[in-house]
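Counting from 1, position 123 in the sequence shown corresponds to residue 280 in the numbering used here; the numbering is continuous, with no gaps. Shown next, in structure tokens, is the structure this report addresses.
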Amino acid sequence: MSTDPGLPDSWEYTLQVPCDPLAPCIARRTLRTIFEEHGLARVAETAELLTSELVTNSYRHSDGPASVRVRREGKGSAVRVTVWDTNPALPGLQLTALPREDAEEGRGLALVMRCADSWGGFALRRQPQGLTGKLVWFELGGDEARDGKRGGPGGTAA
158 MSTDPGLPDS
168 WEYTLQVPCD
178 PLAPCIARRT
188 LRTIFEEHGL
198 ARVAETAELL
208 TSELVTNSYR
218 HSDGPASVRV
228 RREGKGSAVR
238 VTVWDTNPAL
248 PGLQLTALPR
258 EDAEEGRGLA
268 LVMRCADSWG
278 GFALRRQPQG
288 LTGKLVWFEL
298 GGDEARDGKR
308 GGPGGTAA
């Protein structure tokens, strides 16, 4: 864990991954490094798990690359992890029934719902730059979110 007092309070990293079975592993390892080096080891494992689930969904349900963005706006604020992929279809949300523990599929978003301090997602309509797809995001580790409450879905911009 880094304790370098020269680290900035606000930071952002972006990782581009191909539509490839190695993408979840690479994203997971990258996220762990970012969280540990910025002194956020206490939430690194959760960030790693949730990012892996979202990137796995991207790999399974999209035919193009994905992008993972990790951003913190300042000391004490939550870290937001956003995953973009080329498929504009949002994952189905069944808020009343969580998948069985031994289920092979359908657990990713349920984990995000249970473990993130807040989360959300939205489809991107064709942008002037040609960008389409969707963004799914979650937040962890903000000082103000440490009361044990978990957030719900939201649609704020990533």
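Think of the CB as a built atom: it goes at the ideal place given N, C-alpha and C, for glycine as much as any other residue.
Which residues in the same chain have their Cβ closer than 7 Å to the Cβ of P178, if we skip the five residues on either side of it in sequence?
In the sequence shown, residue 178 corresponds to position 21, counting from 1. Excluding residues within five positions, the ones whose Cβ falls inside 7 Å are Y216.
Can the beta-carbon of W241 be found closer than 8 Å to that of L297?
What you label residue 241 is simply residue 84 of the sequence shown in a count that begins at 1. What you label residue 297 is simply residue 140 of the sequence shown in a count that begins at 1. No; because the gap between Cβ atoms is not below 8 Å, this pair is not in contact.
Once DSSP output is grouped into helix, strand and coil, what is the label at E296?
As a working mapping, residue 296 is identified with position 139 in the sequence shown. Of the three classes helix, strand and coil, the one that applies to E296 here is strand, per DSSP.
What's the C-alpha gap between N214 and F279?
The residue given as residue 214 occupies position 57 in the sequence shown. The residue given as residue 279 occupies position 122 in the sequence shown. Each residue's alpha carbon lies about 15 Å from the other.
Within the same chain, show all residues whose beta-carbon is closer than 7 Å to that of I183, passing over the 5 residues directly before and after it, in chain order.
Taking the sequence shown and counting its residues from 1, one reaches residue 183 at position 26. For I183, where only same-chain residues beyond five positions count, the Cβ hits under 7 Å are V174.
Have a look at the DSSP bridge pairing and note the partners of V269.
Counted from its first residue, the sequence shown places residue 269 at position 112. In DSSP, V269 forms no bridge with anything.
What residue range does the beta strand (DSSP E) around A280 cover?
Here the question's residue 280 lines up with position 123 in the sequence shown. Counting along the chain, the beta strand (DSSP E) containing A280 begins and ends at S275 to L281.
Under 7 Å Cβ to Cβ from S219, same chain only, skipping five residues before and after it: list those, please.
On the sequence shown, position 62 is the one that residue 219 refers to. Within the same chain, S219 has close Cβ partners C176, D242, T243 and N244.
Since I believe W294 is in contact with V227 (beta carbons under 8 Å), could you give me their beta-carbon distance rounded to a whole number of angstroms?
Position 70 of the sequence shown holds residue 227. Position 137 of the sequence shown holds residue 294. That pair is no contact at about 10 Å.
Under 8 Å Cβ to Cβ from T253, same chain only, skipping five residues before and after it: list those, please.
If you number the sequence shown from 1, residue 253 lands on position 96. Annotation note: pLDDT 43 at T253 (below 50); position unreliable, coordinate value reported separately. Contacts found: none.
State the Cα-Cα distance for the pair A223 and L172, rounded to the nearest angstrom.
For the purposes of this step, residue 223 is identified with residue 66 of the sequence shown, where counting begins at 1. For the purposes of this step, residue 172 is identified with residue 15 of the sequence shown, where counting begins at 1. Taking the straight line from one Cα to the other gives about 8 Å.
Please classify L188 as buried or exposed, where buried requires at least 16 neighbouring CB atoms within 10 angstroms.
As a working mapping, residue 188 is identified with position 31 in the sequence shown. That one is buried.
With DSSP run on the structure shown, which of helix, strand or coil describes R226?
For the purposes of this step, residue 226 is taken as the residue at position 69 of the sequence shown. Correct three-state label for R226: strand.
Classify P181 as buried or exposed, calling it buried when 16 or more other Cβ atoms lie within 10 Å of its own Cβ.
Taking the sequence shown and counting its residues from 1, the one referred to as residue 181 is at position 24. It is buried - the Cβ of P181 has at least 16 other Cβ atoms within 10 Å.
How far does the alpha helix (DSSP H) with L207 in it extend, from its first residue to its last?
By 1-based counting over the sequence shown, the position of residue 207 is 50. Per DSSP, L207 belongs to the alpha helix (DSSP H) from A198 to H218.
Quick one, are the C-beta atoms of C272 and L211 less than 8 Å apart?
By 1-based counting over the sequence shown, the position of residue 272 is 115. By 1-based counting over the sequence shown, the position of residue 211 is 54. Not a contact, by the Cβ cut-off of 8 Å.
Could you give the DSSP three-state label for L164: helix, strand or coil?
Residue 164 sits at position 7 when you count from the first residue of the sequence shown. Three-state DSSP puts L164 in coil, outside helix and strand.
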